[in-house]
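Keeping their order, the protein sequence lines are chains A and B. Just so we're aligned: 52 in the working numbering is position 52 of the first sequence, and the numbers increase by one with no gaps anywhere. Just so we're aligned: 124 in the working numbering is position 124 of the second sequence, and the numbers increase by one with no gaps anywhere. Working notes, beginning with the structure itself.
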Amino acid sequence: MALVTTTKGQMDESLLEKREGGIDDENELTTWVEYWHEGELVHRSAHVILKKFPSLSGEAASF
Amino acid sequence: MANTQAMCTSFKVELLTGTHAFGTAPTRATTAADTFKAALYLATATMNASTTAYTATNEVSGTNYTAGGVSVGAFNAPTSTSTTAFTQPTSSITFGTSGSPVTLGTAFDAVLIYNSTQSNKAVSVHTFSSQTITAGIFTLTLPTNDSTNALLRIA
């Protein structure tokens with residue numbers, strides 16, 4: 001029996017409707033999981049994996 | 001042999017360790033690394049390159065979220081590969097735990113990394129797809145700590 005933390009306390013996962021989704025683009029790889037109970041969102045977690053971030057550029061100028 | 005004009009790679013790494021001060025620098029009480037924090041901002045906020053310091057304006061709020069956000073923990077020791085200096089936190093940044101989940105009901109899409117040791121001065125803003133959290137956990141995992149991907153890189 002897997003328990004899920006919800007707005008109504010710990011609930012058995014079998015009582016809940018699970019929905020999952022995600023985004024994968026040049027900026028991030030994101031996944032989320034939602035649990036619904038009788039039409040109500042009772043849990044939503046998200047995991048964002050940040051991808052490459054623009055670097056600072058250091059240059060030495062000519063005199 | 002020939003001379004080559006360049007920004008010295010060692011200097012780039014030393015910028016990340018606060019070794020050089022071309023202007024008036026803050027007085028440091030210790031040689032230890034500063035403490036950095038991460039705060040989340042609403043999708044309606046305007047955090048960007050002009051942001052100079054942490055602000056509570058348009059920061060998220062909700063159950064088990066403390067204004068100012070969370071500590072990001074230690075950073076990897078600044079280093080370089082080829083001519084690029086880089087560093088980033090050693091571990092993921094997490095808001096909430098299974099025993100203390102957060103609820104952030106208003107959409108947010110940005111995190112500000114800032115220096116809580118140095119007057120909350122801003123370091124960087126990172127954006128992502130708009131999110132809400134309900135009795136859950138929000139985790140930010142960082143890219144690979146290398147010269148191509150690390151969060152903070154001086155090329």
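Here a beta-carbon is modelled for each residue, glycine too, at the ideal position from N, C-alpha and C.
Which bits of chain B does residue i rub up against, with CB to CB less than 7 Å?
{"i": "residue 57/A", "result": "155"}
{"i": "residue 62/A", "result": "5"}
Going by DSSP in three states, residue i sits in which element: helix, strand or coil?
{"i": "residue 123/B", "result": "strand"}
{"i": "residue 151/B", "result": "coil"}
{"i": "residue 132/B", "result": "strand"}
{"i": "residue 16/A", "result": "coil"}
{"i": "residue 14/B", "result": "helix"}
{"i": "residue 31/B", "result": "coil"}
{"i": "residue 24/B", "result": "coil"}
{"i": "residue 106/B", "result": "strand"}
Contact check, residue i vs residue j under 8 Å by CB: the rounded distance?
{"i": "residue 69/B", "j": "residue 39/B", "result": "3 Å"}
{"i": "residue 50/A", "j": "residue 126/B", "result": "6 Å"}
{"i": "residue 31/A", "j": "residue 101/B", "result": "The Cβ separation is near 17 Å, so there is no contact."}
{"i": "residue 56/A", "j": "residue 154/B", "result": "5 Å"}
Anything in chain B within Cβ reach of residue i, meaning under 8 Å, just list it in chain order.
{"i": "residue 20/A", "result": "Going along chain B, no residue has its Cβ under 8 Å from residue 20/A, so there is no contact; the nearest lies around 13 Å."}
{"i": "residue 28/A", "result": "128 and 129"}
Residue i versus chain A: which residues are under 8 Å apart at the beta carbon?
{"i": "residue 143/B", "result": "49, 50, 51, 52 and 53"}
Could you list which residues in chain B have their beta carbon closer than 9 Å to that of residue i, in chain order?
{"i": "residue 2/A", "result": "Simply none; closest approach about 12 Å."}
Based on the DSSP secondary-structure assignment, which residues constitute the bridge partners of residue i?
{"i": "residue 10/A", "result": "5/A"}
{"i": "residue 115/B", "result": "36/B and 121/B"}
{"i": "residue 46/A", "result": "32/A and 138/B"}
{"i": "residue 40/A", "result": "37/A"}
- prompt: What are the residues of the segment 38-55 of chain A that lie near chain B, defined by any Cβ-Cβ distance shorter than 8 Å?
  reply: 41, 42, 43, 44, 45, 46, 47, 48, 49, 50, 51, 52, 53 and 55
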